[in-house]
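Student: Handing you a structure now.
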Amino acid sequence: MAGLLVLKGQFEGQVFEFADNEIMIGRDEDCAITLQDDPNVSRHHTRIFRNDEGLWCLADLDSANGTILNEVAVSTAPLQHNDVIGIGETTFAFQETAEVDAEATPDAIEERVESSPKIMTTDEDLKLVKQMRQSMDAIRKEVGKVIIGQQDVLNEILMCIIAGGHALLIGLPGLAKTLTVNTIARVLDMKFKRIQFTPDLMPSDITGTEVLETDKTTQQKEFRFMQGPIFCNMLLADEINRTPPKTQAALLEAMQEKQVSVGKEVYTLDKPFFVLATQNPIEQEGTYPLPEAQLDRFMFNIFVDYPQLDEEIEVITRTTMASDAEPQVVIDKQAVIHLQQVVRKIPVSRHVISYAVKLVRATRPGDEFAPEFTKKYVSTGAGPRAGQFLILAAKARAVLEGRIHVSCNDVRQAAFPVLRHRILTNFSADSEGINSIDIVKRLIDEIKEPGEESYA
Numbered sequence: 001m002a003g004l005l006v007l008k009g010q011f012e013g014q015v016f017e018f019a020d021n022e023i024m025i026g027r028d029e030d031c032a033i034t035l036q037d038d039p040n041v042s043r044h045h046t047r048i049f050r051n052d053e054g055l056w057c058l059a060d061l062d063s064a065n066g067t068i069l070n071e072v073a074v075s076t077a078p079l080q081h082n083d084v085i086g087i088g089e090t091t092f093a094f095q096e097t098a099e100v101d102a103e104a105t106p107d108a109i110e111e112r113v114e115s116s117p118k119i120m121t122t123d124e125d126l127k128l129v130k131q132m133r134q135s136m137d138a139i140r141k142e143v144g145k146v147i148i149g150q151q152d153v154l155n156e157i158l159m160c161i162i163a164g165g166h167a168l169l170i171g172l173p174g175l176a177k178t179l180t181v182n183t184i185a186r187v188l189d190m191k192f193k194r195i196q197f198t199p200d201l202m203p204s205d206i207t208g209t210e211v212l213e214t215d216k217t218t219q220q221k222e223f224r225f226m227q228g229p230i231f232c233n234m235l236l237a238d239e240i241n242r243t244p245p246k247t248q249a250a251l252l253e254a255m256q257e258k259q260v261s262v263g264k265e266v267y268t269l270d271k272p273f274f275v276l277a278t279q280n281p282i283e284q285e286g287t288y289p290l291p292e293a294q295l296d297r298f299m300f301n302i303f304v305d306y307p308q309l310d311e312e313i314e315v316i317t318r319t320t321m322a323s324d325a326e327p328q329v330v331i332d333k334q335a336v337i338h339l340q341q342v343v344r345k346i347p348v349s350r351h352v353i354s355y356a357v358k359l360v361r362a363t364r365p366g367d368e369f370a371p372e373f374t375k376k377y378v379s380t381g382a383g384p385r386a387g388q389f390l391i392l393a394a395k396a397r398a399v400l401e402g403r404i405h406v407s408c409n410d411v412r413q414a415a416f417p418v419l420r421h422r423i424l425t426n427f428s429a430d431s432e433g434i435n436s437i438d439i440v441k442r443l444i445d446e447i448k449e450p451g452e453e454s455y456a
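Under this note's numbering, the letters of the sequence shown match residues 1 to 456, in that order.
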């Protein structure tokens, strides 16, 4: 009979034998193993069960702090003898039998744990992640001093920032897009610049240019580079589709390489660097729509909708009277850089990656995973970069909620901003009024999470 040996925590040294083929671990009294004294454990935290093939498996129950298997956060995974399970402050060793032998001691399994991938490299990383839940509340409060509502927009912008991506902001004029970005930059202590894109804007107006100057001491003439507005932490490219492709392309190197090439010189941009480009979804006359290759460079496509009734009343009330509301800095840009590094360190289980890949492949009409409605309504699906961005965005969402556990639900929440601009519909879809958002909704309903067989 299988069981769990407690290596560390409240019941250290004790063995819990499995009386049934399914046990629950959590703080509630109805759990087989109750960890009431641990605030990091959810009411129903983890389920351990025997599947139809007789194999023992572990499943996290959407807990607040995740379930750690061999120091990797997992949602579902099969168990092997001497696997190390971390739940809150308690560490267990899974045993195929109820007997405790020398192989189950902490020293004997240390080599196994050390050889496995680590979820965090430093205690400082873990501390920063745990603080993000409180930091997010503070960020919402400070941004709320200026911006009413638009919580989804705020969350998606922050996800994109700490994932190290860039975003398109789509919305009608007058919905406070510019003010939202400016306010977020102030709360995150970032240097903010805004460029109003026009048909006569030149690439040098963005990147900067070299000017000829005379040295006052030597009277020698020399060229000196004058930085353009792109040298900042957060750049708002307002109405990017108003400028010709040559100028739009000036952003590509900066977005991808975080550098600017002028003449023979290469200038590195300050970290963090985030581009947020706005577009008017209605007025398209005299515009230059971004080509698909440039659209794909943007991690998120964020849609800004009209405010709710009570929010609009509050907006008009607040903006038509004197106000001295001033948002304060919550975290500085060094903390943002640290968070971007932490997001990259968080591992994701094969279960979650498999789900993200199947979701992306289901957008391609010629793929084996594509459902019938994709083949009928989609002309071009998302590329591999969409899968990369789905996983990075899922990690970022977990970090913003103070979690080190990435679930398939995080992937689903990121699917709309990641996929909506990467799915091109065909004439059949257009004639029936079906857009990319409708396709993503149907894909989320159609594509199910992989089961235990994905670990085979």
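No residue lacks a Cβ here, since even glycine has one placed at the ideal position from N, Cα and C.
Which residues in the same chain have their Cβ closer than 7 Å to the Cβ of valine 41, if we skip the five residues on either side of it in sequence?
Tutor: Numbered from 1 along the sequence shown, position 41 holds the residue referred to as residue 41. Result list for valine 41: Gly26, Arg27, Leu35, Ile87, Gly88, in chain order.
Student: Closer than 8 Å by C-beta to aspartate 101: which residues in its own chain qualify, once you throw out the five before and the five after it? Chain order, please.
Tutor: Locating residue 101 in the sequence shown gives position 101, where the first residue counts as 1. Residue confidence for aspartate 101 is low, a pLDDT of 45 falling below 50, so the modelled location carries little weight; the figure read from the coordinates is stated next. Excluding sequence neighbours, aspartate 101 sits near nothing in its chain.
Student: Could you tell me if threonine 198 is buried or exposed, where buried requires 16 or more neighbouring beta carbons within 10 angstroms of its beta carbon?
Tutor: Along the sequence shown, read from residue 1 onward, the residue named residue 198 stands at position 198. With fewer than 16 other Cβ atoms within 10 Å, it is exposed.
Student: Bridge partners of tyrosine 459, per DSSP?
Tutor: Beyond the ends of the chain as shown, which are 1 and 456, falls residue 459; an answer cannot be given.
Student: Helix or strand or just coil, what does DSSP make of methionine 226?
Tutor: As a first step, residue 226 must be located in the sequence shown, where it is residue number 226. Note: methionine 226 maps to strand in three-state DSSP.
Student: Using 10 angstroms around the beta-carbon of glutamate 103, count the other beta-carbons present and answer buried if the total reaches 16, otherwise exposed.
Tutor: Residue numbering aside, residue 103 sits at position 103 when the sequence shown is read from its first letter. For glutamate 103, the predicted model reports a pLDDT of 45, less than 50, meaning its position is unreliable and no value from the coordinates is stated.
Student: Could you tell me the distance, in whole angstroms, from the CA atom of valine 129 to the CA atom of proline 384?
Tutor: Within the sequence shown, numbered from 1, the residue matching residue 129 stands at position 129. Within the sequence shown, numbered from 1, the residue matching residue 384 stands at position 384. Rounded to whole angstroms, valine 129 to proline 384 spans 28 Å at the Cα level.
Student: Excluding five sequence neighbours on each side, which residues of the same chain lie with their C-beta closer than 6 Å to the C-beta of isoleucine 434?
Tutor: For the purposes of this step, residue 434 is taken as the residue at position 434 of the sequence shown. Excluding residues within five positions, the ones whose Cβ falls inside 6 Å are Tyr377.
Student: Closest by CA to histidine 405, which one among Gly3, Asp445, Gly66?
Tutor: Taking the first residue of the sequence shown as 1, we reach residue 405 at position 405. Residue Gly66 is the option with its Cα nearest to histidine 405.
Student: Determine the closest residue to histidine 421 out of Lys345, Phe427, Asp296, Glu449, with distance taken between C-alpha atoms.
Tutor: The sequence position of residue 421 within the sequence shown is 421, counting from 1. Taking only the C-alpha atoms, the option nearest histidine 421 is Asp296.
Student: Identify, in the order they occur along the chain, each residue of the same chain with its Cβ nearer than 8 Å to the Cβ of leucine 252, setting aside the five sequence neighbours on each side.
Tutor: Along the sequence shown, read from residue 1 onward, the residue named residue 252 stands at position 252. Contacts found: Gln294, Arg297.
Student: Span of the alpha helix (DSSP H) holding valine 41?
Tutor: Residue mapping note: residue 41 aligns to position 41 of the sequence shown, counting from 1. Run containing valine 41: none; DSSP gives neither H nor E here.
Student: Where glycine 13 and valine 6 are concerned, what is the direct C-alpha to C-alpha distance, given to the nearest angstrom?
Tutor: Here residue 13 refers to the residue found at position 13 when the sequence shown is read from its first residue. Here residue 6 refers to the residue found at position 6 when the sequence shown is read from its first residue. Each residue's Cα considered, the two are about 5 Å apart.
Student: Would you call the CB atoms of asparagine 233 and methionine 190 closer than 9 Å?
Tutor: On the sequence shown, position 233 is the one that residue 233 refers to. On the sequence shown, position 190 is the one that residue 190 refers to. Contact flag set, yes.
Student: Which value, in whole angstroms, describes the spacing of the CA atoms of arginine 140 and aspartate 215?
Tutor: Looking up residue 140 in the sequence shown gives position 140. Looking up residue 215 in the sequence shown gives position 215. Cα to Cα, the separation comes out at about 50 Å.
Student: Using CA coordinates, which residue listed in Gly165, Gln308, Glu326 is at the minimum distance from asparagine 301?
Tutor: On the sequence shown, position 301 is the one that residue 301 refers to. It is Gly165 whose Cα lies nearest to the Cα of asparagine 301.
Student: Are the region 175 to 194 and the region 430 to 446 touching by the rule of at least three beta carbon pairs closer than 8 Å?
Tutor: At 8 Å Cβ cutoff, the stretches do not touch.
Student: Taking the Cβ atom as the reference point for each residue, do leucine 61 and arginine 47 lie within a distance shorter than 9 Å?
Tutor: Counted from its first residue, the sequence shown places residue 61 at position 61. Counted from its first residue, the sequence shown places residue 47 at position 47. Contact: yes.
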